[in-house]
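Residue numbers (the UniProt record's numbering): 1 to 368.
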């Protein structure tokens, strides 16, 4: 597990350090630096496990479109960009990049760790990233040429059908990843575990995944229990957006890292809260989770997972709240959690809009 990252000379960050935990929540204003932190982690992985040369592309891996070297270099920094990542063992892994020219579409890798943390090695499913722009309902999906045990859900969830078609009838290897309310004699298959979580988060649903022999094509169908099978486009966006998060978590390597942008997308409020519970539970099962969210429902789901369900010890979660300061580095508040699911302190702007709106409506009623 990684416990922190220092970012030097990258995008909005001239020099910034962040604590990371088994569960880390990134929250704050739009454009305040949350995604830049994620981009730093993605580039570090690309430099260690993905790149085949010292040229680390800024556009392409993980669907990134970072532009040119000038776009990612902090305007106050010199020509070097550095990421220092600490792990639970106390070691520090360092990546150093140089800028060949302002117009370059890549960075030059000057230095990287000989033994990076587990998440940045080449193990299958050790590092997974689900972007905010996941695939919505599709009649057909593609297929990866990799062996079944190495296929990942994909940046946009594009391989969900393939994973379920090839591994859905296989038991989940890590018994900690079985549903916490599962009966002792219940099935332990990946498909059933995914259906149970998806039913709690989106709506009661069963899944049928097919892979067509001789073609790199897969498909998903869904139905309510006892109902008729329907193609994915007839089931709504919430199901298609939540399924990759669930599958990615259930199949992630123990000790690996899973990054999810906007896990709340297209989910109703109760589903967003249950998604927060799921992600906190996952972090308690040995998968490090970093989420970027604008949902107070997701936050409250995490709080319930800590205080009510006891799926995650309170000091194993942290929230990084970004405040945007025009022209300068963002001010970042580190927030902890209490054993009963409380937040250590509540800075202005941190998921307080509901209280602000309710107070305003109350004043309107009193004046009327």
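Using N, Cα and C, we set each Cβ at its ideal position, and we do this for glycine too.
Member of the options whose CA lies at the smallest distance from the CA of residue i
| i | options | result |
| --- | --- | --- |
| residue 65 | 225, 106, 44 | 106 |
| residue 228 | 357, 208, 96 | 208 |
| residue 131 | 58, 258, 22 | 258 |
| residue 112 | 92, 18, 353 | 92 |
| residue 10 | 153, 240, 206, 38 | 38 |
| residue 237 | 213, 252, 314, 266 | 266 |
| residue 251 | 286, 275, 224, 240 | 286 |
| residue 70 | 115, 63, 97 | 97 |
| residue 141 | 235, 218, 270, 24 | 218 |
| residue 372 | 138, 272, 280 | The first residue shown for the chain is 1 and the last is 368, placing residue 372 beyond what the model contains. |
| residue 249 | 235, 213, 289, 223 | 289 |
| residue 68 | 94, 166, 103 | 103 |
| residue 206 | 89, 168, 122 | 168 |
| residue 241 | 160, 57, 342, 16 | 160 |
| residue 216 | 243, 146, 174, 268 | 146 |
| residue 138 | 366, 318, 239, 315 | 239 |
| residue 157 | 123, 247, 7 | 247 |
| residue 194 | 269, 355, 128, 177 | 177 |
| residue 203 | 269, 77, 53 | 269 |
| residue 172 | 182, 184, 189 | 189 |
| residue 155 | 340, 314, 61, 319 | 61 |
6 angstroms Cβ shell around residue i - same chain, five flanking residues per side excluded
| i | result |
| --- | --- |
| residue 32 | 322, 324, 330 |
| residue 100 | 108 |
| residue 260 | 130, 245, 291 |
| residue 369 | Any property of residue 369 remains undetermined from this structure, which presents the chain solely from 1 to 368. |
| residue 262 | 132 |
| residue 272 | 264, 295, 297, 298 |
| residue 116 | 48, 93 |
CB-CB length for residue i against residue j, believed under 8 angstroms
| i | j | result |
| --- | --- | --- |
| residue 231 | residue 221 | 6 angstroms |
| residue 298 | residue 276 | 4 angstroms |
| residue 5 | residue 293 | That pair is no contact at about 19 angstroms. |
| residue 13 | residue 36 | 7 angstroms |
| residue 23 | residue 312 | 6 angstroms |
| residue 27 | residue 319 | 6 angstroms |
Endpoints, alpha helix (DSSP H) assigned at residue i
| i | result |
| --- | --- |
| residue 275 | 269 to 284 |
| residue 369 | Past the edges of the chain, shown from 1 to 368, lies residue 369, and the structure says nothing about it. |
| residue 151 | From DSSP, residue 151 is part of no alpha helix (DSSP H); its letter is neither H nor E. |
| residue 307 | 296 to 307 |
Residues near residue i by beta carbon distance below 7 angstroms, same chain, minus five either side
| i | result |
| --- | --- |
| residue 125 | 152, 251, 252, 253, 256 |
| residue 274 | 200, 201, 301 |
| residue 88 | 1, 3 |
| residue 30 | none |
| residue 17 | 4, 6 |
For residue i, the first and last residue of its enclosing beta strand (DSSP E)
| i | result |
| --- | --- |
| residue 360 | First-last for residue 360: 353 to 367, but that is the alpha helix (DSSP H), not the beta strand (DSSP E). |
| residue 208 | 206 to 211 |
| residue 172 | No beta strand (DSSP E) contains residue 172, which DSSP labels as neither H nor E. |
| residue 56 | 55 to 57 |
Close Cβ partners of residue i (< 8 angstroms) along its chain, the five nearest in sequence each way excluded
| i | result |
| --- | --- |
| residue 166 | 148, 151, 211 |
| residue 80 | 8, 9, 96, 97, 98, 99, 110 |
With contact counted as at least three CB pairs below 8 angstroms, one residue from each stretch, are the region 145 to 159 and the region 79 to 90 in contact?
-> The region 145 to 159, when compared against the region 79 to 90, does not touch it at the 8 angstroms Cβ threshold.
Sufficient close CB pairs (3 or more, under 8 angstroms) joining the region 39 to 50 to the region 306 to 315 | With the cut-off at 8 angstroms, the region 39 to 50 and the region 306 to 315 do not touch.
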